[in-house]
Each structure stands twice: as structure tokens, then as C-alpha cells.
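Number of protein chains: 2
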Amino acid sequence: MQAQYKEKFDQNAGYETKPEHKERAQAWFKGLRDGICAAFEKIEFELTGTQNSEIPSGHFEQKAWNREGGGGGVMSTMRGRVFEKVGVNISTVHGTFSEEFRAKIPGTSEKGEFWASGISVVAHPWNPHVPPVHMNTRHIITAKPWFGGAVDLNPITPNQNDTDIFHKALLDTCNEHDVADYEAFKKWCDDYFYLPHRAEHRGVGGVFYDYLNSGCFEDDFSFTQEIGQTFLNVYPKIVRLHMNRDWSAADREHQLIRRGRYVEFNLLHDRGTVFGLKTGGNTEAILMSLPPEVKWP
Amino acid sequence: MQAQYKEKFDQNAGYETKPEHKERAQAWFKGLRDGICAAFEKIEFELTGTQNSEIPSGHFEQKAWNREGGGGGVMSTMRGRVFEKVGVNISTVHGTFSEEFRAKIPGTSEKGEFWASGISVVAHPWNPHVPPVHMNTRHIITAKPWFGGAVDLNPITPNQNDTDIFHKALLDTCNEHDVADYEAFKKWCDDYFYLPHRAEHRGVGGVFYDYLNSGCFEDDFSFTQEIGQTFLNVYPKIVRLHMNRDWSAADREHQLIRRGRYVEFNLLHDRGTVFGLKTGGNTEAILMSLPPEVKWP
Chain D
38 MQAQYKEKFD
48 QNAGYETKPE
58 HKERAQAWFK
68 GLRDGICAAF
78 EKIEFELTGT
88 QNSEIPSGHF
98 EQKAWNREGG
108 GGGVMSTMRG
118 RVFEKVGVNI
128 STVHGTFSEE
138 FRAKIPGTSE
148 KGEFWASGIS
158 VVAHPWNPHV
168 PPVHMNTRHI
178 ITAKPWFGGA
188 VDLNPITPNQ
198 NDTDIFHKAL
208 LDTCNEHDVA
218 DYEAFKKWCD
228 DYFYLPHRAE
238 HRGVGGVFYD
248 YLNSGCFEDD
258 FSFTQEIGQT
268 FLNVYPKIVR
278 LHMNRDWSAA
288 DREHQLIRRG
298 RYVEFNLLHD
308 RGTVFGLKTG
318 GNTEAILMSL
328 PPEVKWP
Chain S
38 MQAQYKEKFD
48 QNAGYETKPE
58 HKERAQAWFK
68 GLRDGICAAF
78 EKIEFELTGT
88 QNSEIPSGHF
98 EQKAWNREGG
108 GGGVMSTMRG
118 RVFEKVGVNI
128 STVHGTFSEE
138 FRAKIPGTSE
148 KGEFWASGIS
158 VVAHPWNPHV
168 PPVHMNTRHI
178 ITAKPWFGGA
188 VDLNPITPNQ
198 NDTDIFHKAL
208 LDTCNEHDVA
218 DYEAFKKWCD
228 DYFYLPHRAE
238 HRGVGGVFYD
248 YLNSGCFEDD
258 FSFTQEIGQT
268 FLNVYPKIVR
278 LHMNRDWSAA
288 DREHQLIRRG
298 RYVEFNLLHD
308 RGTVFGLKTG
318 GNTEAILMSL
328 PPEVKWP
């Protein structure tokens, strides 16, 4: 899937990046961050289940960082009573790739210059019945601009109703956008979030897209915005379906073990994690994705 | 360090492998496994501290596995009251490397055939004052044979006395063997067990060597045997120095966080782990190294 889209991207004339594109993308990711953080803080207030009721409802704390070489970001993290750990990171960075990495990033072979802005969300809820989730969308500009993103649900014990709600929301969003191909993006997600050594998918999937340049910034940006908005609409619904349910010590134990798969995927396979750590990215922001507690018993 | 030894290895005429070499190496690793398991079970009986006294002393359980393509191994694991999780794995495997991997393994460029036998130990003690440890030694035969190994101590909070005892034992062993260069092997260990994204060493080091082929099987095998024996002599001593000490909830929390570095190293950088998982090795045996419980709070 990746090769096919990369080829299409390479052959595509694309569009010319205007300064306002960067500004608008960056402003969108920041606004989406604010919306997600507000929605998650609201959820924290709504807990009525008995478990964790003694824990005060959580609030996000922000921490800014600067990137040596250009740009920086802001980590927003919350350790609450519904969300054991959730990170919502935004960053806008720019610079020049070393020779070593130019071969790997389209449009950097000549000058190596890049600009990238994006948002990344990873939520690890306390309740084993509430599925962890990941969402990331980004705008990258090298010799050519493109958008990319991923949204995937990672239930501890898959629940068909949640899975259906999640996939349906993404299907509807893709169907409203000519630049999106739901079946392709769903398959890309399944292919990407896979652990060969376990012969297991990390979760129940969602959508994954990259190198999206349809030739029209507005169309691609609009789709990327709605992917973020869809996440913000659908995930809190799924959280509310389960957040007040009781869980047992056995549920917790199973959750801690399943979280190990999340760690294995991110450190062994996730391109953003491995690439970020190897190119001097912000370690704290990158590893914010790791679950708060994990077992390999 | 690696490049230097690899070059030396490539230029070296080596020696001819005899069938008895394989038999003797394999038998040694098996005997060493038995010795280590017996020593660790003995330690389990000796616990006099109050913490964990309610847990019965642990015993190793063995599980054999076969490798598709040739050979197999035996995992020995114990979940006890001194050792929260300890794995002692032996394996003897053979086969043919795919084209993709031949460039990475000396002596496999032509036929791709390999034979490898080894032992791997990873101990994660309960008591945060008792340092986790890793030991691995191996005999590999491709177009040429060689030995390799690593022993390194990974304290939660480094203790200079433990570190000194550990390094001194390895220094003495290296000094008794002309084929060993302590300073080089110590540096190799420091260079290898390093997390660039944390700018931290994984532990306090030890020795690491690879591509050891002095031209004499007996000399190289003898050194490798004594590295294993040294581990078996020195590590239980360090365990006994601390195993009955009390620890606090804060000590445990710190331990769980520091264990995260062990996970990060193994999944991001450890050649054996990454290579093993990508070449269809036994996932359960390879990931036996991961700590039983970890936090990234």
C-alpha cells in the first residue's frame, strides 16, 4: 500500500505550497489539540463508576520543547481517573535531513529541507473495558507537500459494537472526500499496525494514509481536518459506553499484558517512534505513547 | 570496536571446525544452564528478609521448542520470591540465511549456511537493591567459526561496591586468557548497551565480545567457558549482598521505571532481539528478557 501511494505521489505534479498553508495547518492542529483536551477533561468529570472515584478528575498539563535545528512542540499530558495516561502532542519542526535519511523521505534527495507540523494523541484508559486509542495527522513539506495520518483503536478485549462504531465513522468521513479511499486506507492501517513476531494486529484497525497529495491543498487539508474531527466525535462516545463499568483484578492483569503489544509495536516497528528517536526528536514527547504500566509476566 | 574485531576476524585464517566442537560447545551451554538454574533455586531457599517471605521459593520450569528450519532450544523460567522473573535459555539452531541477511553475518555470503549454539540469561529480581543481570555466550559457525558473549549488570540504583566486584571478576578472567582484551571488551560493552535517545547507558557495563577466533578453538572456547563460570560465581554473591534488605514503595516505583530502559534497549537496539524477531526466532524465548512489570508513568 505504501509503495503504491508513494509511487502515485512521486508521479503527481502536486501543488505549490503557499506560506498560508503552513499557518493554516499548524493552527488547525493546535485548535484540534484544544478540542481534544477539553473533551477528555470533560470525560474526567463525568465518571460515576465506583472504581477510581477517589481519584480527582484529571487536568492536562502542558510542556513546551524546542528542537535543536528548528521548531518545537507542546506536550499536553493528563493522568486522571478515566485516563490513566493520555498525551496530546503538537509539533512544528523544520530543518535539513542528513544524507542518511534523505533516501527515506520523498522530496529530500536534493536539498534535504523539510517542514512538518502535526498532532499525535495516545490514550491509555484505566478501565480495561475502555479501548486505548491512537490518532496522528500531519502535514509535511519537502520538495513537495503532503498529508498523512492514522487513527486506530486498540481494545484490550475487542468489542464488536465499538469496532463497528469506530469503523463506520471513518467510512462515512472517507466517503465524503474524493481524495480518500476507505478500503485502501483501512487495509493500510491493518498492514501497518501488525506484529509479525506475534502474528497479531496491534488493535482492530482504523485508517492509515500517507503521501496524500491529490493536487489540491484544500481537498487534502479538508480530509485531514475531518479525520481529526471524526476522532474527536467518535472516541469519546466509545469511552462513555464503558467508562463506568466495573472491572476485576483479572481484567486489569489482562490489560497490563495486552499493553505490552503496544510497547512492542512502537519500539520495534512504529516509523514515527523509531525515526523520531534516531533523528534526535524529543524523547519525552515520542515516548509519551508508552503505556503507564505494563506486564510481561 | 565491532568493526575492528570484524576486520580482524575477516583477515584471520581461523581454524577448521570439527564435529566435536559443536558437541562440546552445546554440552557446555547445557551444563552451564543446569549450574545457573541450581544456583538460582538455591538462592530462592535462602531468603530471610520479611518482604516476599509469604511467596514459596521458586523452581525453574522448562519448555522445549523446535525451530522451523532446524534445531531448537529449551527455555527455563522461574518466577520466585527473590527472582520476580528469570529466564535461562539454551538453543542450538542451524539452517541457511536468506539473501537479505547474508550481508550482515560474516561467512554467510556464499552458501548462507549457519550453525549456532548458545545460552542466554536475564534475571529481574524483586528487590530493587538486587541488580538485574544479563549474560549470553554463543558459538557460531558459518564459513568460519567464532565465539561471542556479553555479561552486564543493570542495577536500578548503581552501587559502587557491586560494580567493583562485578568488573573485577571479569577483569581477572580476561587477564587469565590471552585471547581476551579486557579494556576492549569493557569498552565494547559500554558502547553496545547505550541508549542514544536517553543519553544513558543501560547499566554499569561488563564485557562484550564477538567474532572471537584466535586461530585456536581450545583457547576461545576456554575463555567463553570461563566467562559463563565467572558469571555463575559473581552474580549470586551480589544477589546475596542485598536480597534480604527491605525496600520501600518508592524503591519499587523507581525500579519499575528503570526497567523501562531495559525494554527500550532490547526492542530498539539489541541485535539479538531485533534480529531474532525478524528472522522468525522463537518469540517467547526472545522476549523472555523483558521485565515482568514496567512503568512509563
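Sequence order for the protein chains is D and S. Convert by adding 37 to the 1-based position in the first sequence; the result is the number in the working numbering. Convert by adding 37 to the 1-based position in the second sequence; the result is the number in the working numbering. For glycine and all other residues, C-beta sits at the position ideal for the given N, C-alpha and C.
Check the Cβ of residue i against every Cβ in chain S and list those closer than 8 Å, keeping chain order.
i      : result
D/T200 : Near D/T200 there are no residues of chain S at all, since even the closest Cβ is about 26 Å away, more than 8 Å.
Hey, is residue i's beta-carbon within less than 7 Å of any beta-carbon in chain S?
i      : result
D/W333 : yes
So with CB distances below 7 Å, who are the chain D contacts of residue i?
i      : result
S/E301 : L304
S/L84  : Those do not exist, as S/L84 stays about 20 Å from chain D at its closest Cβ, beyond 7 Å.
S/T320 : H234, R235
S/L324 : W333
Give the residues of chain D in contact with residue i, contact being defined as C-beta atoms less than 9 Å apart.
i      : result
S/E6   : Residue 6 of chain S is absent from the model: chain S starts at 38 and stops at 334.
S/L269 : Within 9 Å Cβ-Cβ: nothing; S/L269 doesn't reach chain D, min ~25 Å.
Could you work out which residues of chain S lie near residue i, taking near to mean beta carbons separated by less than 9 Å?
i      : result
D/V311 : L305
D/L207 : Simply none; closest approach about 28 Å.
Within 7 Å of any Cβ in chain D, is that where the Cβ of residue i sits?
i      : result
S/T114 : no
S/L314 : yes
Kindly indicate which three-state DSSP category residue i falls into: helix, strand or coil?
i      : result
S/V159 : strand
D/R104 : coil
S/P153 : According to the sequence displayed, residue 153 of chain S carries Ala and not Pro. Residue state, collapsed to three classes: strand.
D/R298 : helix
D/V271 : helix
D/N126 : strand
D/S113 : strand
D/I177 : strand
D/E321 : helix
S/H234 : coil
D/A187 : strand
S/H214 : coil
S/G33  : Only positions 38 to 334 of chain S appear in the structure, and residue 33 of chain S is not among them; the question remains open.
S/H96  : coil
S/E91  : coil
D/L208 : helix
D/H291 : helix
D/V244 : strand
S/G86  : coil
D/F222 : helix
S/T316 : coil
D/E330 : strand
S/H171 : strand
For the putative contact between residue i and residue j, defined by C-beta atoms under 8 Å, what is the C-beta separation to the nearest angstrom?
i      : j      : result
D/L207 : D/V188 : 7 Å
S/V216 : S/D247 : That pair is no contact at about 13 Å.
D/K274 : D/I323 : Actually they do not touch by this definition, with Cβ atoms about 29 Å apart.
D/K332 : D/L293 : 4 Å
D/F46  : D/W183 : 6 Å
D/F254 : D/Y42  : With a Cβ gap of about 17 Å, D/F254 and D/Y42 do not count as contacting.
D/R70  : D/G95  : About 16 Å separates the two Cβ atoms, so there is no contact after all.
In chain D, which residues lie less than 8 Å from residue i when you measure between Cβ atoms?
i      : result
S/L327 : G297, W333
Item checked: Short-range partners of chain D found in the region 221–253 of chain S, where Cβ spacing is below 7 Å -> H234, R235
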